[in-house]
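First the structure, in the form of structure tokens, and then the observations on it.
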Amino acid sequence: MLKHRKGYAIRIPSQVPGLAVTKEEPFLVLEAKDEGAFLEVLSPITGFGANAEHRQLIYRGQEDDWPLIPVSRRKSNWPSLFGITGPKDTLHWRLTAEAETLLAFCQMADYQGLRIPNLDRINDSILGFLTQLQSRIVNNWPPPEATPALALAQHNGIPTCLLDFTRNPFIASYFAVRAVFTGNQESKGDLCVWVIADPTYTSREGLASRVKVVIPPASDNHTLQRQEGLLAYSPLESETADLQGEYCPDRPLEEVIAEQSPKSLAQVRLKRSFAPMLLHQIIKLGYDSSRLFPTFDGVVRCLHEYEWARMGPPRLWAGSFP
990 MLKHRKGYAI RIPSQVPGLA VTKEEPFLVL EAKDEGAFLE VLSPITGFGA NAEHRQLIYR
1050 GQEDDWPLIP VSRRKSNWPS LFGITGPKDT LHWRLTAEAE TLLAFCQMAD YQGLRIPNLD
1110 RINDSILGFL TQLQSRIVNN WPPPEATPAL ALAQHNGIPT CLLDFTRNPF IASYFAVRAV
1170 FTGNQESKGD LCVWVIADPT YTSREGLASR VKVVIPPASD NHTLQRQEGL LAYSPLESET
1230 ADLQGEYCPD RPLEEVIAEQ SPKSLAQVRL KRSFAPMLLH QIIKLGYDSS RLFPTFDGVV
1290 RCLHEYEWAR MGPPRLWAGS FP
């Protein structure tokens, strides 16, 4: 029997026009007729958030034909990380690559004077995991003490077993529309935002949730802070791990959540053709790369976004420099 904390089932915002329910099982799928309806149904004032407790929902924006599988667990990503590979694609080699890459990232960053959260515990934890892995034992990856560093590594370009989410639906919308312009140019998928009632609060009777949410300290990760971010993953457990057989991708997170807590998951879709108009609206709301990636690289990305949104170059003030 499924149990839900009161208020954690997602409810369809009946007051938002321009929505069509295209599927209800195993999770709710809504199609927005245009960018206005898309933003309205995601709004914390008029959309899903109007029927939820403050910051109860989490969101992820992407193309709609991508399953919720993290980068390091996708079948297409082989050979594995940075040349750490074996004679065939197995879970053993993927875990070895992920653990050794994280260890190298932490040690090299520390050597250059960059702060790594929980560094004093990470070395022993990862080395212990690698020793167990050589004995064909898996005892829950990733270790809890390593997840803040794993998040930091992911936000600096290293593939991991974590999936990025945000508390802000407009930030999720930004990433959904950005995926259309920067993703695989051969992709024909529409854009979507996943909406999840925080899965740490929903579980089967007597069982812990099979989805874990990680909220690393924002002081250690400025990208996470700007994006109001958090991360989710499905822990790897020793009873279910086939280390030496041909690698099979993890079950997508949407399948795990839908099975465990079907009323806590929804997907909102928008046709790909609306991407420029949606990006225009998102930028006008104040969300672009210069805000979400506060670096010079983020500023350059922002200039491209203004072009994609057909807005022309940004003008933040009138007049000129003396």
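Just remember that our numbering sits 989 ahead of the position in the sequence shown, which is counted from 1. In this text, a Cβ means the ideal position worked out from N, Cα and C, and glycines have one as well. Fair warning: this is a prediction, and the values are worked out from it, not measured in the lab.
The residues L1091, P1131, T1149 and L1151, in chain order, have a CB closer than 7 Å to that of L1139 in the same chain once the five nearest residues on each side in sequence are set aside. Listed in chain order, the alpha helix (DSSP H) runs fully inside the segment 1005 to 1067 are 1024 to 1031, counting runs of at least 4 residues.
Between the segment 1244 to 1258 and the segment 1275 to 1293, the count of Cβ pairs shorter than 8 Å is below three; the stretches do not touch.
Here F1027 has A1021 and L1259 as same chain residues with Cβ atoms under 6 Å from its own Cβ, once five neighbours each way along the sequence are excluded. As computed with DSSP, W1130 is found in a beta bridge with L1225.
Distance from the CA of A1186 to the CA of S1253, rounded to the nearest whole angstrom, comes to 5 Å. Of the candidates P1251, I1147 and R1063, P1251 places its Cα closest to the Cα of P1015.
A residue is called buried once 16 or more other Cβ atoms fall within 10 Å of its Cβ, and G1050 is buried on that count.
Scanning the segment 1096 to 1126 from its first residue to its last, the whole alpha helix (DSSP H) runs of 4-plus residues come out as 1108 to 1123. Counting along the chain, the unbroken alpha helix (DSSP H) around F1159 starts and ends at P1158 to T1171.
Within its own chain, the residues whose Cβ lies closer than 6 Å to the Cβ of F1170, once the five positions on either side in sequence are excluded, are W1297, listed in chain order. A Cβ-Cβ contact shorter than 8 Å links R1125 with L1232. Within the model, the alpha-carbon separation for H1081 versus L1122 is close to 7 Å. Counting the other Cβ atoms within 10 Å of the Cβ of F1285 gives fewer than 16, which makes it exposed. In this structure G1038 is buried. Its beta-carbon is surrounded by 16 or more other beta-carbon atoms within 10 angstroms.
In this structure, the alpha-carbon of L1274 lies about 16 Å from that of F1282. Assigned with DSSP and collapsed to three states, G1218 falls in strand. At the C-beta level, P1106 and P1205 come within 8 Å of one another.
Cβ contact annotation for F1118 (same chain, cutoff 7 Å, sequence separation greater than five): A1088, W1130 and P1132, in chain order.
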